[in-house]
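The structure under discussion appears below in the form of structure tokens.
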Amino acid sequence: MKKILKVIFSIIAMMILLITGYYFYQLYVVPKLTKLEVPTASYPHHSVFYRYSLQLSGLAASFGGQNMSISKIDAIAKQDMKNIKAAGFDGVKIGYHFQNNNSVADQIAVKAAEQGLYPIGALQGSYNIPEGRAFTPKEMTEWQNYIKDEVSANKNIIYYWEIWGEPSLYKYGSPEEFVQLLKATYPIIKAANPNAKVIVTLGAEATGDSDFDDQVLALGGGNYFDDLSFHPYAANPYLQEDQVKSAIAHEKALLTKYGNRWPLVITEIGQPASEVSEKEQARLAKFLYAEAAKNNIPVTWFYWSDTHLLKDEKTGDGANWGLIRFDGTERPILEAIKPYLKVKPI
């Protein structure tokens, strides 16, 4: 009996060592071996947001509401990145949250890089800090350390970092305080990766009713980013032709006012099929891509697939934004925009 127990314990110990070795290799060795060439483009011309819901618990996780191992998530992400690359995209936007475990985001970035896709790291706030206020001094120090750690760890594969997403809607204090956030963040990114580009979205609505963008630039915020982003959203439906055209005109006027210092990019735009038919969704997307192409503006589509979302995100306004349906089949929108994805920037 003792011999049998000894054999069993030996087998268990060996399995633990193998599992530990696998995760060490995936988390620490593979990222160091994976490298992308320093890009010449200021921003990937055709990218897509990789959206998913995630809850971590040790070596297991709930991904899109399904319990699975981290290795299974890796396998899913690997296949998704192959499909994204095959569709014609050259970049993938990935969310990074302050005061959160971002190890899966790091792994997804590696899977993207392995397919020759350039990851775009979206540096977002914390779920634990009340929306709308600026950081305390302690939080700011933690934020700066977080930025340094993430950018340093990914310096061979992530050359694009977006700060805060939509500060005109999901506010970080006042415009003055947001400029201070940029001032505290930009040099850390550049020190950790001198080849990195920093992107900031100052306009998140096509209506242009807010002067948040003008305030930030007037305060000198433009000294702390490389690309100026906007999200030309309207409402019901999110994509409206006149609003998109007026948003582009507004951004161009803003550039002229401040000396044409930054390339323009659209780091997020989308249209849910829960608001319109899938046929209309495809038509609106074609219009958006045509307008962006006319103005040589890179686009990040929101988002790749519905399949990795929680059940309660599959109804109402939160549903059907993806190029891929919940059942894994392609929506007409993907075929509609593929011709634009094949066009290289001038």
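Numbering-wise, this note's numbering puts 607 at position 53 of the sequence shown, and it's gapless, one number per residue.
Built from N, CA and C at the ideal position, the CB exists for glycine as well.
These numbers were taken from a predicted model, which means no experiment stands behind them.
- The DSSP-derived three-state label of Trp-875 is coil.
- Residues of the same chain with a CB within less than 6 Å of the CB of Leu-590, apart from the 5 flanking positions on each side, are Ala-667 and Ile-711 in chain order.
- Distance from the CA atom of Leu-613 to the CA atom of Gly-675, rounded to whole angstroms, is 24 Å.
- Judged by pairs of C-beta atoms under 8 Å, the segment 680-689 does not touch the segment 632-643, as fewer than three such pairs exist.
- Lys-709 sits in coil when the DSSP states are folded into three classes, being neither helix nor strand.
- CA-CA distance, Glu-693 to Tyr-700, rounds to 10 Å.
- With contacts defined by Cβ atoms closer than 7 Å, Gly-882 and Phe-856 do not form a contacting pair.
- Ranked by how close their Cα comes to the Cα of Asp-703, the residues Ile-887, Arg-837, Pro-721 and Ser-657 have Ser-657 in first place.
- Sixteen is the threshold: when 16 or more other Cβ atoms of the shown chains lie within 10 Å of the Cβ of Lys-751, as they do, the residue is buried.
- Straight-line measurement puts the Cα of Lys-833 at about 7 Å from the Cα of Pro-886.
- CA-to-CA, the gap between Ser-616 and Gly-774 works out to about 43 Å.
- It is roughly 24 Å from the alpha-carbon of Val-853 to the alpha-carbon of Phe-732.
- When C-beta atoms of the segment 807-826 are compared with those of the segment 779-789, three or more pairs fall below 8 Å, so the two segments count as touching.
- The way I'd put it, the segment 643-650 doesn't touch the segment 619-633; fewer than three beta-carbon pairs between them come closer than 8 Å.
- Secondary structure at Leu-864: coil, using DSSP grouped into helix, strand and coil.
- Taking Tyr-724 as the centre and dropping the five residues before and after it, the same chain places the C-beta of Glu-685 closer than 7 Å to its C-beta, in chain order.
- For Ala-595, the closest alpha carbon among the candidates Ser-611, Val-602, Gly-645 and Gln-609 is that of Gly-645.
- For the alpha helix (DSSP H) assignment, the uninterrupted runs of no fewer than 4 residues enclosed by the segment 818-858 are, from N- to C-terminal side, 832-848.
- In the structure shown, Phe-689 falls within a coil segment according to DSSP collapsed to helix, strand and coil.
- If only complete runs of 4 or more residues are kept, the segment 780-811 shows the alpha helix (DSSP H) at 795-811, in order along the chain.
- Between the C-alpha atoms of Ser-722 and Val-770 there is a straight-line separation of about 10 Å.
- One alpha carbon belongs to Pro-741, the other to Ile-662, and they sit about 26 Å apart.
- Nearest to Trp-697 by alpha-carbon distance, out of Gln-794, Gln-835, Ala-738 and Val-592, is Ala-738.
- Around the CB of Leu-793, 16 or more other CB atoms lie within 10 Å, so the residue is classed as buried.
- The continuous stretches of alpha helix (DSSP H) do not include Lys-896, and DSSP gives it neither H nor E.
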